[in-house]
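According to this note's numbering, the sequence shown holds residues 153 to 502 in order.
All C-beta atoms, glycine included, are put in the ideal place defined by N, C-alpha and C.
On a predicted model such as this, the values are computed, not experimentally measured, just so you know.
As structure tokens, the structure follows; a few thoughts come after it.
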Amino acid sequence: MGKWFERYIHKIWYPVSKPFSYYLILTLLLPFSFLYTVIATVRKFYLQHYKQVSVTKYPVCVVGNIAVGGTGKTPFVIFFAELLKQHGFKPGIVSRGYSGSKARNEVVLVDSQAVAAFVGEEPKLIHQKTQCPVVVGVHRNQCIQKLCQSFPEVDIIISDDGLQHYAMHRDLEIGLMDGIRKFGNGFCLPAGPLRELCQRFNQVDFVVVKQSRLKKSRMKQKILKHTFDMQLLPQQWVNVKDHSQQVSLEYFRGKIVHAVTGIGNPSSFFELLSALGIKFIPQVYPDHYAYTENDFNFSDEYPIIMTEKDAIKCTQFASAHVWMLALTVSLPDDFSTLLINKIKSIQKKD
């Protein structure tokens, strides 16, 4: 039932065609979207104008999106943290985890022993890839306080997600969007995929578009100022059980594999596999799905491949024929220069 509903609602949010049933369902959902938008607007106004916001002594940079689903936020946060380290900063990262994580109502330090099911797979992956301090909790201000207390060397904070967390002070905002799915049908939840209206991107400092297929002129008209294309480029295949085993991208070309994924936008993963010439059997699970060993008990002996985000939850029970696709982020050099210069201009003094 869950998978069927998810597929159906995605047809409403990202319509390929618009039959009569599309307009019927949309008409039924739009009143709820209007109510959602009103409540979100009132909440934003209250938090920005009447609720006291804690200000930290270090810059807070928010990386987030306004649409439900994958926009490449996790690989971008990893890229951002590494970029800051290259320029002499000591970043710390705060994250909310996700609604199903067991650490949701706690403030938890993510370390090498942390379990993805407890802290969330994205914070776990970010810590593993960057070795930066990461704190998870539903209350961002408490996370920031814990981060600064536990790691006094931190001099800049990245908030993984949090564009809509207006109780948290921020000095810089980076909005991410999917260049293929864009803003979907343009409506807010539940009629569309948006948490806020697309005009919200007029207020951020930078817009980063994953796998953009939009012409630059159209993008500038649609959004504005500092908009940059981000490409997620496959690097190699890494064995999930033994990370020292790495093979080239050509390794699975022409072979039949099970492509297992539980991410926000599985089609982006499948498009990469098709481009690599891999014959795959798709096995799609909900975003943030908690895998068990039984999920991989297929009747054949085909290899199993997945994303790094999926693999972080499977290291305890993965067999030797389970592999993950390592990706790297590619962004224009002028983006990195503009971003670092912007951060230096807002850097606070002790």
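Judged by their CB atoms, I230 and C350 are not nearer to each other than the 9 Å cut-off. Annotated three-state conformation of N446 is helix, per DSSP. Per the coordinates, the alpha-carbon of P418 lies some 38 Å from the alpha-carbon of Q499. One thing to note: F469 has its Cβ within 9 Å of the Cβ of E445.
With three or more CB-CB distances shorter than 8 Å, the stretch 268 to 278 counts as touching the stretch 457 to 471. The stretch 316 to 360 contains, as complete beta strand (DSSP E) runs of 3+ residues, the segments 324 to 330 (chain order). The DSSP-derived three-state label of P386 is strand. Here the alpha carbons of Q383 and S488 stand approximately 14 Å from one another.
Contact annotation: the stretch 394 to 409 touches the stretch 425 to 434, with at least three C-beta pairs closer than 8 Å.
Counting along the chain, S426 sits inside the alpha helix (DSSP H) bounded by residues P418 to A427. Going by DSSP, A411 is part of no alpha helix (DSSP H) but of the beta strand (DSSP E) stretching over I408 to T413. Spatial neighbours of S185 in its own chain (CB-CB distance under 7 Å, excluding positions within 5 residues in sequence) are listed in chain order as F339, C340, L341, P342, A343 and G344.
Residues P438 of the same chain have their beta carbon placed closer than 7 Å to that of E158, with the five preceding and five following residues left out of the count. Cβ contact annotation for D307 (same chain, cutoff 7 Å, sequence separation greater than five): Y210, F241 and K242, in chain order. In this structure, the alpha-carbon of W475 lies about 6 Å from that of W389. For T179, there are no CB contacts under 7 Å within the same chain when 5 residues up- and downstream are skipped. In the displayed model, C300 falls within a helix according to three-state DSSP.
The three-state secondary structure of P484, taken from DSSP, is coil. Non-local beta-carbon contacts of G244 in its own chain, meaning distances under 8 Å to residues more than five positions away in sequence, involve C284, P285, V286, V287, L299, C300, F303, V306, I308, I309 and I310 in chain order.
Excluding the 5 residues flanking it on each side, V260 has same chain C-beta neighbours closer than 6 Å at V271 and V288, in chain order. Using a Cβ-Cβ distance cut-off of 8 Å, the stretch 261 to 270 and the stretch 323 to 334 are not in contact, since fewer than three pairs of beta carbons, one from each stretch, lie closer than that value. Ranking L490, D381, A319 and G221 by CA distance to the CA of H201 puts A319 first. Put simply, the backbone Cα of V207 is about 14 Å away from that of L199. Around the beta carbon of T223, 16 or more other beta carbons lie within 10 angstroms, which makes this residue buried.
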